[in-house]
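Q: In my numbering, the protein residues as written are 9 to 218.
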């Protein structure tokens, strides 16, 4: 059920999950933890970036070096995915960002797209979808549907917390797309929230909607 999902089990990540989960953690500290954990998750996930060899002159000689040779398109799922983007941009030298917003029906737990800023043609692109909470799996699957339908060559998802039911649903829609997260939780509640999870990531990052 969790095949193809990489979990970053490093103690430095697991330590930060304590504060991320704690309901007493205030927004500023929560945003910092999201930033830090996103850095570790992205580092673990993106070891296959396209590279090229270059030569540079050091103060004492010539060095053959490797540098990144591609621009990655980051697709945060609004609102919560925005919290992951700055950390990933700090790691990657070349990025672009395209936003996708989904609105969930709290009764059916189905979501619909209300904002689509993806390029119409993604042929050949490397796309990283950022969604902190892989809960029901529906939102992530919808966004990946859009990305794949526009021809992206490589698509992967970065999350902070995933659920077993959410992974199963996502795998049904996208059997081969890699997912990297910090932890997998066992279940969802009747509202579709991950249990034990951390609550509503968007609200904890940015405050409740007006």
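Heads up, the beta-carbon is just placed ideally off N, CA and C, and yes, glycines get one too.
1. According to DSSP, simplified to helix, strand and coil, what is residue 217?
2. Hey, which unbroken runs of the beta strand (DSSP E) at 3 residues or more fall wholly within the stretch 69–119?
3. What's the gap between the Cα of residue 152 and the Cα of residue 94?
4. By the three-class DSSP mapping on this structure, what secondary structure does residue 9 have?
5. Pairs of beta-carbons, one from the stretch 24–37 and one from the stretch 55–67, closer than 8 Å: are there three or more?
6. Between residue 139 and residue 167, is the Cβ-Cβ spacing less than 7 Å?
7. Given this structure, state the Cα-to-Cα distance separating residue 89 from residue 73, to the nearest angstrom.
8. Within the chosen definition, does the stretch 180–196 reach the stretch 208–215 through at least 3 CB pairs nearer than 8 Å?
9. If you draw a straight line from the alpha carbon of residue 86 to that of residue 174, how long is it in whole angstroms?
10. Nearest to residue 71 by CA position, among 127, 129, 62, is which residue?
11. What does the alpha-carbon distance come out to for the pair residue 45 and residue 52?
12. Three-state secondary structure (DSSP) at residue 164?
13. If we ignore side chains and look at the alpha-carbon of each, how far apart do residue 170 and residue 190 end up?
A: On the basis of the data shown:
1. To locate residue 217, count along the chain shown from 1; it is residue 209. Reduced to three states, the DSSP call for residue 217 is coil.
2. When DSSP assignments are scanned along the stretch 69–119, the uninterrupted stretches of beta strand (DSSP E) that are 3 or more residues long and fall wholly within it turn out to be 69–76, 80–86, 103–105, 108–112.
3. Within the chain shown, the letter at position 144 stands for residue 152. Within the chain shown, the letter at position 86 stands for residue 94. About 21 Å.
4. As a working mapping, residue 9 is identified with position 1 in the chain shown. The pLDDT assigned to residue 9 is 45, lower than 50, so where the model puts this residue is not dependable; a value taken from the coordinates is nonetheless given after this. Secondary structure of residue 9 (DSSP, three-state): coil.
5. Remark: fewer than three beta-carbon pairs, one from each stretch, lie closer than 8 Å, so the stretch 24–37 and the stretch 55–67 are not flagged as touching.
6. If you number the chain shown from 1, residue 139 lands on position 131. If you number the chain shown from 1, residue 167 lands on position 159. For residue 139 and residue 167, yes; Cβs fall inside 7 Å.
7. In the chain shown, counting from the first residue as 1, residue 89 sits at position 81. In the chain shown, counting from the first residue as 1, residue 73 sits at position 65. Going by the C-alpha atoms only, they are around 33 Å apart.
8. By the C-beta criterion, the stretch 180–196 is judged not to be in contact with the stretch 208–215, since fewer than 3 inter-stretch pairs fall below 8 Å.
9. As a first step, residue 86 is located in the chain shown; it is residue number 78 there, counting from the start. As a first step, residue 174 is located in the chain shown; it is residue number 166 there, counting from the start. Approximately 18 Å, taken between the alpha carbons.
10. Counting from one through the chain shown, the residue named residue 71 turns up at place 63. Of the candidates 127, 129, 62, the one whose C-alpha sits nearest the C-alpha of residue 71 is 62.
11. The count along the chain shown starts at 1 and reaches residue 45 at position 37. The count along the chain shown starts at 1 and reaches residue 52 at position 44. Residue 45 and residue 52 have their C-alpha atoms spaced approximately 11 Å apart.
12. The residue given as residue 164 occupies position 156 in the chain shown. In this structure, residue 164 counts as strand in the three-state DSSP scheme.
13. Numbered from 1 along the chain shown, position 162 holds the residue referred to as residue 170. Numbered from 1 along the chain shown, position 182 holds the residue referred to as residue 190. Each residue's Cα considered, the two are about 8 Å apart.
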